[in-house]
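*Asks:* Protein chains in written order, with this note's numbering: chain A, 1 to 154; chain B, 155 to 362.
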Amino acid sequence: MKSTPAAMIPAWALAFALAAPALADSGDIVVRDAWSRASVGVSRPGVAYMAILNPSDEPVTLTGLRTDLAERSEIHLTATDGQGVSSMTPAGDIAIAPGETVLLQPGGLHAMLMQLRRPMQDGESFALTLTFSDGGEATVEVPIMGIAARGPGG
Amino acid sequence: MTRRRALVGYGAAALAALALALFAGWWRVDGPGAGQAADRRPLPLTQMEFRLTDHEGRAVGPDTLVGKPTMVFFGFTYCPDVCPTTLSDISGWLDDLGKDAAELLNVVFITVDPERDTVAAMAEYVSYFHPAIRGWTGSQEQIARAVEGFQATYERVKTGASEYTMNHTASVFLFDAKGRFATTIDYHEPREFAVPKIRRAMDAEGAT
Chain A
1 MKSTPAAMIP
11 AWALAFALAA
21 PALADSGDIV
31 VRDAWSRASV
41 GVSRPGVAYM
51 AILNPSDEPV
61 TLTGLRTDLA
71 ERSEIHLTAT
81 DGQGVSSMTP
91 AGDIAIAPGE
101 TVLLQPGGLH
111 AMLMQLRRPM
121 QDGESFALTL
131 TFSDGGEATV
141 EVPIMGIAAR
151 GPGG
Chain B
155 MTRRRALVGY
165 GAAALAALAL
175 ALFAGWWRVD
185 GPGAGQAADR
195 RPLPLTQMEF
205 RLTDHEGRAV
215 GPDTLVGKPT
225 MVFFGFTYCP
235 DVCPTTLSDI
245 SGWLDDLGKD
255 AAELLNVVFI
265 TVDPERDTVA
275 AMAEYVSYFH
285 PAIRGWTGSQ
295 EQIARAVEGF
305 QATYERVKTG
315 ASEYTMNHTA
325 SVFLFDAKGR
335 FATTIDYHEP
345 REFAVPKIRR
355 AMDAEGAT
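(1) What residue does the beta strand (DSSP E) around Thr63 of chain A start on, and which one ends it?
(2) According to the neighbour-count rule (16 or more other Cβ atoms, all chains shown, within 10 Å of its Cβ), is Ser43 of chain A buried or exposed?
(3) With a 10 Å radius around its C-beta and 16 neighbouring C-beta atoms as the bar for buried, classify Thr200 of chain B as buried or exposed.
(4) My parser needs the alpha helix (DSSP H) runs of 4 or more residues fully inside the segment 243-302 of chain B; what are they?
(5) State the DSSP-derived secondary structure class of Ala34 of chain A, mapped to helix, strand or coil.
(6) Between the alpha carbons of Ala358 of chain B and Ala331 of chain B, how many angstroms are there, rounded?
(7) Give a yes or no on whether 7 Å exceeds the smallest Cβ distance from Thr319 of chain B to chain A.
(8) Using 7 Å as the threshold, is the C-beta distance between Pro98 of chain A and Glu58 of chain A below it?
(9) Would you please state the rounded distance, in angstroms, between the beta carbons of Lys349 of chain B and Asp250 of chain B? I believe it to be under 8 Å.
(10) Could you tell me whether any Cβ in chain B is nearer than 7 Å to the Cβ of Thr80 of chain A?
(11) Indicate whether at least one CB of chain A lies closer than 7 Å to the CB of Thr291 of chain B.
(12) Would you report the Cα separation of Gln190 of chain B and Asp81 of chain A, rounded to the nearest angstrom?
(13) Along chain A, which residues have their Cβ under 9 Å away from the Cβ of Pro238 of chain B?
(14) So which residues of chain B does Ser86 of chain A contact, with C-beta pairs closer than 7 Å?
(15) In or out: Pro90 of chain A buried (at least 16 other Cβ within 10 Å) or exposed?
(16) Identify every residue that forms a DSSP beta bridge with Glu74 of chain A.
(17) Taking the beta carbon of Ser281 of chain B as the centre, do at least 16 other beta carbons fall within 10 Å, making it buried, or is it exposed?
(18) With a cut-off of 7 Å, does the C-beta of Arg118 of chain A fall near any C-beta of chain B?
(19) Taking 7 Å as the threshold (C-beta atoms), are Thr265 of chain B and Thr240 of chain B in contact?
(20) Provide the residue(s) that pair with Lys312 of chain B in DSSP beta bridges, ordered along the chain.
(21) Distance check for Thr323 of chain B and Gly303 of chain B, CA to CA, integer angstroms please.
(22) Let me make sure I understand the geometry here. Which of A:Ala48, A:Leu103, A:Asp122 and A:Gly107 has the alpha-carbon closest to that of Arg66 of chain A?
(23) Cα separation between Asp68 of chain A and Ala298 of chain B?
(24) DSSP three-state label for Phe347 of chain B, please.
(25) Using only alpha-carbon positions, find the residue among A:Phe132, A:Leu128 and A:Val40 that is nearest to Ser26 of chain A.
(26) If you check the beta carbons only, do Arg270 of chain B and Tyr232 of chain B fall under 7 Å apart?
(27) Here's the rule I'm using: 16 or more other beta-carbon atoms within 10 Å means buried, otherwise exposed. How should Gly151 of chain A be labelled?
(28) Per DSSP, Leu104 of chain A forms a beta bridge with which residues?
(29) So what's Thr231 of chain B in DSSP terms, helix, strand or just coil?
(30) Using only the alpha-carbon positions, how far apart do Pro45 of chain A and Ser56 of chain A sit?
(31) Give, in chain order, every residue of the segment 278-303 of chain B whose Cβ lies closer than 9 Å to some Cβ of chain A.
(32) For my contact list, Val226 of chain B and Val262 of chain B are in at a C-beta cut-off of 8 Å; report their separation, rounded to the angstrom.
(33) Counting only C-beta atoms, is Arg66 of chain A closer than 7 Å to chain B at any point?
(34) Looking at the structure shown, is Met145 of chain A part of a helix, part of a strand, or coil, going by DSSP?
(35) With Val40 of chain A and Tyr279 of chain B assumed to form a contact (beta carbons below 8 Å), what rounded beta-carbon distance in angstroms separates them?
Laid out in structure tokens, this is it:
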């Protein structure tokens, strides 16, 4: 998946960037292998998974999600305790260290899409924007697979 | 003399620290601080008592499952992550076991959210997964009895004004054909462990 850098870099920052070895910039963020599952209607929450890579020399912090597909979208974390009980909670801000990749994958972190505005149909896709603490954004087109899909390949 | 006393003192302190560490370990693993998990084995299916309805409207209960090896999973259809992943895993295990496996096994998905998971909701939901998977729902009281029999847990958690999610046991329970509990397949367990476990439960059929 491609990511579109949306951060506007002011001229002074550009001048600074030329002088400094690296500048923290979420515009470098690369989003790969995004996928989601079809929904049953609109009453149930949807989900999306992806790999978010920070190739820059500075940490970046993922602070939120935005999509016109859902009224609310947040990163949630599924945790399974020693007794095998699974629970799901909002994950809050997610710091991504330089060179690190954060994986949104089944049973762990995932994009939770609440109050869907339209059903998620197998074979379609939707735009999801990731927002970062420096004001930058990355938008990814997320393909929708079947409900029983296990990964970006189906 | 003073130095020797100091050495003895250090030795005693180190021994005390070691003893404390050992005690702490025992307390958590085998002692009173140990989790309940070890004791919480599901009852044999023959000793469970609950009445539910399957996704085709048929009356079902634990006795429905005796006679074939059985896989049971608790979840709910408003669960976006764990439940579709597990049902998809189960579908994959069934594919790996071969085309006869579906006829040789009972595979049941029991909802812990009967308020939203009606018979019709279960029917639509299970239709997206392996055709051997049956969806069971029922009254809150009967669901609670089923969960109790499996020694599983579930809890309703409010997430908004009128929204809620369910925390629940996400392990897959395996029983042999006589209804005796065999083992669990825990969430995230690799498929190379899961499929042999199911085969063992299926092979236990002839054993006494």
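C-beta: ideal position from N, C-alpha, C; glycine also. Please read all numbers here as calculations on a predicted model, not as lab measurements.
*Replies:* With the given structure in hand:
(1) Taking the first residue of the first sequence as 1, we reach residue 63 of chain A at position 63. Residues Val60 to Arg66.
(2) Taking the first sequence and counting its residues from 1, the one referred to as residue 43 of chain A is at position 43. Exposed.
(3) The residue labelled residue 200 of chain B in the question sits at position 46 within the second sequence. Exposed.
(4) 255-258 and 273-280
(5) By one-based count along the first sequence, residue 34 of chain A stands at place 34. DSSP places Ala34 of chain A in strand when its eight states are reduced to three.
(6) In the second sequence, the residue the question calls residue 358 of chain B occupies position 204. In the second sequence, the residue the question calls residue 331 of chain B occupies position 177. Rounded to whole angstroms, Ala358 of chain B to Ala331 of chain B spans 7 Å at the Cα level.
(7) One-based indexing of the second sequence puts residue 319 of chain B at position 165. Yes, its Cβ sits closer than 7 Å to a Cβ of chain A.
(8) The residue given as residue 98 of chain A occupies position 98 in the first sequence. The residue given as residue 58 of chain A occupies position 58 in the first sequence. It is a contact, given that the beta carbons lie within the stated cut-off.
(9) Counting from 1 along the second sequence, the entry for residue 349 of chain B is found at position 195. Counting from 1 along the second sequence, the entry for residue 250 of chain B is found at position 96. One point to set straight first is that residue 349 of chain B is Val, not Lys, in the sequence displayed. Indeed, because the Cβ distance is near 5 Å, the residues count as touching under 8 Å.
(10) On the first sequence, residue 80 of chain A is found 80 positions in, with the first residue counted as 1. Output row for Thr80 of chain A: interface = yes.
(11) Taking the first residue of the second sequence as position 1, residue 291 of chain B is located at position 137. No, Thr291 of chain B lies away from the interface with chain A (no Cβ there is under 7 Å from its Cβ).
(12) Your numbering for residue 190 of chain B matches position 36 in the second sequence. Your numbering for residue 81 of chain A matches position 81 in the first sequence. Residue placement at Gln190 of chain B is flagged as unreliable, the pLDDT there being 45, under the threshold of 50; a coordinate-derived value is accordingly withheld.
(13) The residue labelled residue 238 of chain B in the question sits at position 84 within the second sequence. By Cβ distance, chain A contributes Arg37, Val47, Pro106, Ile147, Ala148 and Ala149.
(14) For this step, residue 86 of chain A is matched to residue 86 along the first sequence. Those are Val236, Asn321, His322, Ala324 and Tyr341, listed as they occur along chain B.
(15) Within the first sequence, the letter at position 90 stands for residue 90 of chain A. Exposed: under 16 other Cβ atoms inside 10 Å.
(16) The count along the first sequence starts at 1 and reaches residue 74 of chain A at position 74. DSSP lists A:Met112 as partners of Glu74 of chain A.
(17) The sequence position of residue 281 of chain B within the second sequence is 127, counting from 1. It counts as exposed.
(18) Here residue 118 of chain A is taken as the residue at index 118 of the first sequence, counted from 1. Arg118 of chain A does not count as touching chain B.
(19) What you label residue 240 of chain B is simply residue 86 of the second sequence in a count that begins at 1. What you label residue 265 of chain B is simply residue 111 of the second sequence in a count that begins at 1. Their beta carbons are not under 7 Å apart, which means Thr240 of chain B does not touch Thr265 of chain B by this criterion.
(20) Residue mapping note: residue 312 of chain B aligns to position 158 of the second sequence, counting from 1. Answer is B:Tyr318, bridged to Lys312 of chain B.
(21) What you label residue 303 of chain B is simply residue 149 of the second sequence in a count that begins at 1. What you label residue 323 of chain B is simply residue 169 of the second sequence in a count that begins at 1. When rounded, the distance between both Cα atoms is 13 Å.
(22) On the first sequence, residue 66 of chain A is found 66 positions in, with the first residue counted as 1. Of the candidates A:Ala48, A:Leu103, A:Asp122 and A:Gly107, the one whose C-alpha sits nearest the C-alpha of Arg66 of chain A is A:Ala48.
(23) Taking the first sequence and counting its residues from 1, the one referred to as residue 68 of chain A is at position 68. Taking the second sequence and counting its residues from 1, the one referred to as residue 298 of chain B is at position 144. About 38 Å.
(24) Numbered from 1 along the second sequence, position 193 holds the residue referred to as residue 347 of chain B. Three-state result, Phe347 of chain B: helix.
(25) For the purposes of this step, residue 26 of chain A is taken as the residue at position 26 of the first sequence. Taking only the C-alpha atoms, the option nearest Ser26 of chain A is A:Phe132.
(26) For the purposes of this step, residue 270 of chain B is taken as residue 116 along the second sequence, with counting starting at 1. For the purposes of this step, residue 232 of chain B is taken as residue 78 along the second sequence, with counting starting at 1. Closer than 7 Å, so yes.
(27) Here residue 151 of chain A refers to the residue found at position 151 of the first sequence. Looking at its Cβ environment, which holds fewer than 16 other Cβ atoms inside 10 Å, Gly151 of chain A is exposed.
(28) Taking the first sequence and counting its residues from 1, one reaches residue 104 of chain A at position 104. Answer by DSSP bridge pairing, in chain order: A:Met50.
(29) One-based indexing of the second sequence puts residue 231 of chain B at position 77. In this structure, Thr231 of chain B counts as coil in the three-state DSSP scheme.
(30) Stepping through the first sequence from its first residue, residue 45 of chain A is reached at position 45. Stepping through the first sequence from its first residue, residue 56 of chain A is reached at position 56. Distance between the alpha carbons of Pro45 of chain A and Ser56 of chain A is about 33 Å.
(31) Glu278, Tyr279, Tyr282, Phe283 and His284
(32) Position 72 of the second sequence, counted from the start, is the residue given in the question as residue 226 of chain B. Position 108 of the second sequence, counted from the start, is the residue given in the question as residue 262 of chain B. Indeed, because the Cβ distance is near 5 Å, the residues count as touching under 8 Å.
(33) Counted from its first residue, the first sequence places residue 66 of chain A at position 66. No, because no Cβ of chain B sits closer than 7 Å to the Cβ of Arg66 of chain A.
(34) Indexing the first sequence from 1 puts residue 145 of chain A at position 145. Residue state, collapsed to three classes: strand.
(35) For this step, residue 40 of chain A is matched to residue 40 along the first sequence. For this step, residue 279 of chain B is matched to residue 125 along the second sequence. With a Cβ gap of about 6 Å, Val40 of chain A and Tyr279 of chain B count as contacting.
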